[in-house]
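Everything in the sequence shown is counted per our numbering, starting at 1 for the first residue and increasing by one. The beta-carbon is built from N, C-alpha and C at its ideal position, and this holds for glycine as well. These notes are about the structure you will find just below.
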Amino acid sequence: MGALRLSLVGAVLLALLGGQGGAVLAQAGAEGPTLTPVTGTQASFELVAYPEVGTEGSIETYRGVQFRRTFEWSDPRLPSLLLSNVNSNWHVTDEGEVSEFAQTHRLVGEESDWVGTEYGFQEEGLGSSLGLHVYRGEGAYEGLSAMIARGDVVDEAGNTGTECSGYIFESELPPMPDPVEPPAG
């Protein structure tokens, strides 16, 4: 099920990044690639700081969780060390608990870093989590951006792992458009 969710996130990411932009990429292709596919697997995970726990009505809130993780990436431009700050809200359903979360990340390199955000959700337990990382490069990677879908996968033995799939782009992130205005009426 986890591998299926990661595949679905990858398909959604590709659809979002494709569309009309495919024609632009085809034109740019004559000059050389403007993006590089990237994959990654989490190699280690460490809780660095425990959260402040609270409640807002029936929602349990966790603020200020800090993680230290390492990843093995297919592209050497992405450093192994990932530092994360996390805030989450946990909602109770008839089937269990579901968390919505927001994270800030720093991929720490010897000479240059990547900074970014991630939004996602996690179902009760570690076997089902999806998120989208959005990074901008610093230092030697300035002018580059990356979008990476992250999801938990379960192997045949029942072990849970975290895998990533996405792209490093030879451009900065596009500006966020203004919110859509509702129709008058």
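Along the chain, where does the beta strand (DSSP E) that runs through R150 open and close? From DSSP, the beta strand (DSSP E) with R150 extends over 145–154.
Could I get the ranges of all uninterrupted beta strand (DSSP E) runs contained in the stretch 30–100, with 3 residues as the minimum, in chain order? 35–49, 52–56, 59–73, 81–92
Where G269 sits in the DSSP three-state scheme: Missing from the structure shown is residue 269; the chain here goes from 1 to 185 and no further.
Rounded Cβ spacing between I168 and R69 (contact assumed at less than 8 Å): With a Cβ gap of about 19 Å, I168 and R69 do not count as contacting.
Thinking Q103 and N89 are a contact (beta carbons under 8 Å), I'd like their distance in whole angstroms, please. Rounded, the Cβ-Cβ distance is 13 Å, inconsistent with contact.
Count the other CB atoms within 10 Å of the CB of R150; is the residue buried (16 or more) or exposed (fewer)? buried
How do the stretch 99–116 and the stretch 134–148 stand: do at least 3 beta-carbon pairs fall below 8 Å, yes or no? yes
How is E181 classed by DSSP in three states: helix, strand or coil? coil
Tell me A102's beta-bridge partners as DSSP assigns them. N87, Y119
To which residues of the same chain is S145 closer than 8 Å at the C-beta, ignoring the five residues directly before and after it? Excluding sequence neighbours, S145 sits near V134, Y135, R136, G137, I168, F169, S171, E172, L173.
Are E118 and P79 touching if we call contact CB-CB under 9 Å? Taking 9 Å as the Cβ cut-off, E118 and P79 do not qualify as a contacting pair.
Y141 classed as buried or exposed, judged by whether at least 16 other C-beta atoms fall within 10 angstroms: buried
Residue interval of the beta strand (DSSP E) (run including S129): That run of the beta strand (DSSP E) goes 129–137.
I need the straight-line Cα distance from Y62 to A49, nearest angstrom please. 11 Å
Measuring only the C-alpha atoms, how far is G54 from Q122? 18 Å
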